[in-house]
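Enquirer:
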Amino acid sequence: MQSGGSPRVLFGSTAGIVLAVDLVTKALIESSFSLGQAREVIGEWVQLRLVYNPGAAFGLNLGPYSRWIFLGIAVLALGVLWRVARKTDPGDWFRMLALGLVAGGAMGNLVDRIRHAHGVVDFLDVGVGAMRWPTFNVADMGVTIGAIALAISLWIEDSRRGQKQASATA
153 MQSGGSPRVL
163 FGSTAGIVLA
173 VDLVTKALIE
183 SSFSLGQARE
193 VIGEWVQLRL
203 VYNPGAAFGL
213 NLGPYSRWIF
223 LGIAVLALGV
233 LWRVARKTDP
243 GDWFRMLALG
253 LVAGGAMGNL
263 VDRIRHAHGV
273 VDFLDVGVGA
283 MRWPTFNVAD
293 MGVTIGAIAL
303 AISLWIEDSR
313 RGQKQASATA
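Just so you know, we're using this note's numbering here: the sequence shown kicks off at 153 and counts up by one.
1. Give the DSSP-derived three-state secondary structure of Leu-276 in the structure shown.
2. Buried or exposed: which applies to Met-153, given that a residue is buried once 16 or more other Cβ atoms fall within 10 Å of its Cβ?
3. Can you tell me whether Lys-316 is buried or exposed? The criterion is at least 16 other CB atoms within 10 Å of its CB, across all chains shown.
4. Is Ala-301 near the ligand GTP, judged by its Cβ being under 7 Å from some heavy atom?
5. For Tyr-358 versus His-270, is the C-beta distance shorter than 8 Å?
6. Taking the straight line between their C-alpha atoms, what separation do you get for Val-161 and Met-248?
7. Measuring straight from C-alpha to C-alpha, what distance separates Gly-243 and Ile-221?
8. To which residues of the same chain is Gln-189 closer than 8 Å at the C-beta, ignoring the five residues directly before and after it?
9. What do you get for Gly-314, buried or exposed, if any count of 16 or more other CB atoms within 10 angstroms of its CB means buried?
10. Have a look at Ser-155 and Gly-164 and give me their C-alpha separation to the nearest angstrom.
11. Taking the alpha-carbon positions, what's the Asp-254 to Ala-208 distance?
12. Measure from the alpha carbon of Leu-302 to the alpha carbon of each residue in Val-272, Thr-240, Val-278 and Arg-191, then state which is nearest.
13. Using CA coordinates, which residue listed in Trp-245, Val-280, His-268 and Val-272 is at the minimum distance from Gly-298?
14. Secondary structure at Ala-282, three-state DSSP: helix, strand or coil?
15. Buried or exposed, going by whether 16 or more other CB atoms sit within 10 Å of the CB of Met-283?
16. Find the nearest neighbour of Phe-275 within the set Ile-266, Met-293 and Leu-214, judged by alpha-carbon distance.
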């Protein structure tokens, strides 16, 4: 992955794969489930359940304009992600992968905000009894895993920078 274009291709292909898997899984759920209907996948621990989230992560809602506010934030975030990807060292495949995961997830939920007035399609329901994680989707997984990977990438870069500075002053 050290050649000039490969990491940027990794960014685009990762974003595209996350977006495609997200859209396909949401379409399958919407065509197979009625609102609120649940099916156990692994007992009560993992269920598929169709819900619409008009807000953001964990049900964050900003009132009647949430859809438009979060749509705008997503468009802005995609612009920032694209810019960061363009400025990232071509040899940094891990950061490109992380950025692609976040971008693909952001695009998946952006598509939902554009096409559904009632919110983003969520369907993965994990927990035990009344103790359940907020329902989520593939796009949310891309954003979360990508953000964690991006934080690790930045931490590694910062550590290397600190080591170089320590070596230069020694």
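Don't be surprised by glycine CBs; every beta carbon is placed ideally from N, CA and C.
Owing to the predicted nature of the structure, the values given are computational and were not obtained by experimental measurement.
Expert: Let me lay it out:
1. When DSSP states are grouped into helix, strand and coil, Leu-276 belongs to the strand group.
2. Annotation note: pLDDT 40 at Met-153 (below 50); position unreliable, no value reported.
3. Exposed, because fewer than 16 other Cβ atoms sit within 10 Å of the Cβ of Lys-316.
4. Judged by which ligands are present, the structure shown has none, so any question about the ligand GTP falls away.
5. With the chain represented from 153 up to 322, any question about residue 358 goes unanswered, as that position is not in the structure.
6. Distance between the alpha carbons of Val-161 and Met-248: 9 Å.
7. A straight-line Cα-Cα distance of about 35 Å links Gly-243 and Ile-221.
8. These residues qualify, in order along the chain: Arg-201 and Leu-202.
9. By the 16-neighbour rule on beta-carbons within 10 angstroms, Gly-314 is exposed.
10. Confidence at Ser-155 is low in this model, with a pLDDT of 45, below 50, so the placement of that residue should be treated as unreliable; the coordinate-derived value is given next. Take the alpha-carbon of Ser-155 and the one of Gly-164: they are about 16 Å apart.
11. Reading the sequence as shown, one finds Val at residue 254 and not Asp. About 15 Å.
12. Comparing alpha-carbon positions, the option among Val-272, Thr-240, Val-278 and Arg-191 lying closest to Leu-302 turns out to be Thr-240.
13. Measuring from the Cα of Gly-298, the nearest candidate turns out to be Trp-245.
14. Ala-282 falls in the coil class under three-state DSSP.
15. When all chains shown are included, Met-283 counts as exposed.
16. When each option's Cα is compared against that of Phe-275, the closest is Met-293.
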